[in-house]
Each structure stands twice: as structure tokens, then as C-alpha cells.
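In this note's numbering, the protein residues as written are 6 to 269.
Structure, as C-alpha cells:
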């Protein structure tokens with residue numbers, strides 16, 4: 006029998022206690038990784054307000070404090086409840102201190118118009134089962150399949166020259182005993198937008214202050230593809246933007262803002 010990997014959170018009622026697997030990179034004494042904060046927002050919002058006919062079309066998370074691994078609570082409120090749109094606001098408290106704020110827009114699915122609209126073609130990447138793993142896995146918190154240019158061999162896609170593309174899959178439960186949904190799966194991984202878009206060949210010098218992602222449909226399968234669309238930066242402020250894919254094609258976009266940051 007395969008043992009279930011340690012989750013990022015254990016839950017007791019409305020309190021989520023982080024495990025050491027939820028630790029981030031920026032503080033030697035420990036800090037909560039942004040990826041699990043964003044994932045938890047999606048998890049809580051969907052559990053409380055999701056409906057079968059509603060598509061979670063956009064989630065924005067403002068990450069204004071770097072919390073430690075204290076117990077987490079998430080409060081929510083309805084901003085707008087209409088026939089075709091629902092807007093939810095959520096606030097994350099770490100050890101009782103407000104650390105992040107999210108806004109989620111859920112839209113009701115309907116009949117697709119017949120007229121075609123131009124869109125950029127989906128990427129030509131091989132499916133994840135045909136892409137070899139990196140020679141030295143970056144972390145055991147998720148699994149990657151970097152799509153590297155011919156002749157390039159690096160430990161992970163953050164140090165790959167030129168445009169970056171990768172498949173990413175979650176390998177640990179977000180919350181013990183609770184399965185990912187397509188929405189929470191994307192949300193838990195989408196913090197990767199910043200390192201893949203804002204990282205240099207020598208490492209990552211920016212810490213993201215927010216993440217926004219858009220989905221026009223639910224992803225299929227466990228693998229999410231990240232394709233860097235752009236990076237721009239000046240005076241210590243960076244912007245990163247990616248196209249998101251699943252094994253069937255494009256599913257949406259992700260973007261982030263970031264600040265120059267040295268690891269301490």
C-alpha cells in the first residue's frame with residue numbers, strides 16, 4: 006500500500022494547522038509558503054460557495070504579510086450574489102493576524118456563442134508522461150516536468166535560458182483527508198507563476214506580493230502547464246505573466262506582482 010504523503014495542513018473545525026511541508030523559502034525561522042495560502046483560499050471559498058453550474062473564473066490573492074507556521078483561520082463574506090455572478094471576499098489570519106486577502110469571482114456557465122474569436126494557439130509541448138523529470142528535483146513539495154530547449158540540460162526550469170515552460174503536479178494533499186478539486190489544484194500551484202516568470206539564470210530575486218489567475222474552464226487531470234508569456238521589471242518591482250494549460254489545451258492565465266528581495 007502506498008503511504009499518503011504528509012499534507013500541507015491538518016484541519017480541526019475552522020482551524021488549519023500547517024505542517025513543516027508548508028514552509029516557504031524566505032525566512033530561516035520559517036514562513037508559510039504563498040502557494041498553500043492561495044490554495045487554502047480556493048479550498049475554503051469553493052467549499053462554502055461553490056455550485057455545480059458556477060465556474061471559478063478568477064481568484065486574486067493579495068499577500069501583504071509573510072506569516073510563520075501558526076494556525077490559520079479563513080473568514081469569508083459574499084460581496085455580490087446575482088443570477089450569473091457571485092463575488093466572494095476571504096481573509097486569512099495566521100496566529101490571529103491578518104496576512105492575506107482574496108477576491109474570487111464565480112460565473113454561471115451558459116450557451117457558448119457560435120461566432121469564433123481569434124485566440125493564440127495552444128502550446129506544442131509534449132504531454133507530461135513524455136517529458137523526463139529533472140536530473141535533480143527542485144523540491145519534494147510538488148513534481149515538475151521542465152520542457153527544455155534541445156541540447157539544454159539543467160536541474161530545473163528556473164535556470165533554463167530563454168522562454169520557460171513546465172508541467173507541474175501536486176504530490177501532497179493540501180488538507181489532510183480532503184481531495185483536490187480542479188480549482189484548488191490550480192490555486193495551490195499558481196504561486197509558481199512568480200519563480201518561473203521572474204527567476205533569473207542565477208536564482209530568484211523577487212518575492213511576489215500577489216497572484217491572480219483566470220480560468221475559462223476547469224482543468225482536466227493532475228498536471229498543469231505553465232508557459233511564461235512575459236516578464237517586466239524596473240526599480241525592484243517585477244511583473245510576471247503565464248499562460249496555463251492542461252493535457253487538453255489552454256485553460257487560462259496567471260499573473261503576479263513582486264518586489265526585489267534577498268533571502269535572510
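Where is the CB? At the ideal position from N, CA and C, for every residue including glycine.
Among the options, whose alpha-carbon lies nearest the alpha-carbon of residue i?
| i | options | result |
| --- | --- | --- |
| residue 233 | 175, 57, 169 and 222 | 169 |
| residue 171 | 187, 130 and 184 | 130 |
| residue 79 | 114, 18, 122 and 87 | 18 |
| residue 108 | 128, 151 and 54 | 54 |
| residue 16 | 183, 106, 38 and 237 | 183 |
| residue 257 | 238, 124, 28 and 152 | 124 |
| residue 82 | 29, 212 and 93 | 93 |
| residue 14 | 255, 106, 139 and 185 | 185 |
| residue 106 | 122, 139, 9 and 215 | 215 |
| residue 211 | 9, 8, 31 and 126 | 31 |
| residue 222 | 139, 36, 149 and 117 | 117 |
| residue 255 | 126, 201 and 149 | 126 |
If the criterion is Cβ atoms closer than 9 Å, does the pair residue i and residue j meet it?
| i | j | result |
| --- | --- | --- |
| residue 199 | residue 261 | yes |
| residue 61 | residue 50 | yes |
| residue 41 | residue 133 | no |
| residue 181 | residue 23 | no |
| residue 63 | residue 217 | yes |
| residue 68 | residue 104 | yes |
| residue 227 | residue 177 | no |
| residue 224 | residue 190 | yes |
| residue 136 | residue 151 | yes |
| residue 90 | residue 113 | yes |
| residue 196 | residue 27 | no |
| residue 213 | residue 238 | no |
| residue 43 | residue 243 | no |
If you measure from the beta carbon of residue i to each beta carbon in chain E, is any gap under 9 Å?
| i | result |
| --- | --- |
| residue 251 | Looking for chain E here will not work: only one protein chain is present. |
Which term fits residue i, buried or exposed, when burial requires 16 or more other beta carbons within 10 angstroms of its beta carbon?
| i | result |
| --- | --- |
| residue 179 | buried |
| residue 111 | buried |
| residue 141 | exposed |
| residue 144 | exposed |
| residue 102 | exposed |
| residue 259 | buried |
| residue 267 | exposed |
| residue 25 | exposed |
| residue 88 | exposed |
| residue 120 | exposed |
| residue 208 | exposed |
| residue 29 | buried |
| residue 250 | buried |
Check whether the Cβ of residue i sits closer than 8 Å to any heavy atom of the ligand HEM, and report yes or no.
| i | result |
| --- | --- |
| residue 122 | What this structure holds is no ligand at all, so the ligand HEM is not there to describe. |
Under the assumption that residue i contacts residue j (Cβ atoms under 8 Å), give the Cβ distance between them as a whole number of angstroms.
| i | j | result |
| --- | --- | --- |
| residue 188 | residue 66 | The Cβ separation is near 13 Å, so there is no contact. |
| residue 20 | residue 76 | 5 Å |
| residue 147 | residue 194 | 7 Å |
| residue 220 | residue 241 | In fact, because the Cβ distance is near 31 Å, the residues do not count as touching under 8 Å. |
| residue 230 | residue 236 | The Cβ separation is near 18 Å, so there is no contact. |
If contact is defined by three or more beta carbon pairs under 8 Å, each pair taking one atom from either stretch, is the segment 96 to 114 in contact with the segment 66 to 74?
Judged by Cβ distances under 8 Å, the segment 66 to 74 makes contact with the segment 96 to 114, as three or more pairs qualify.
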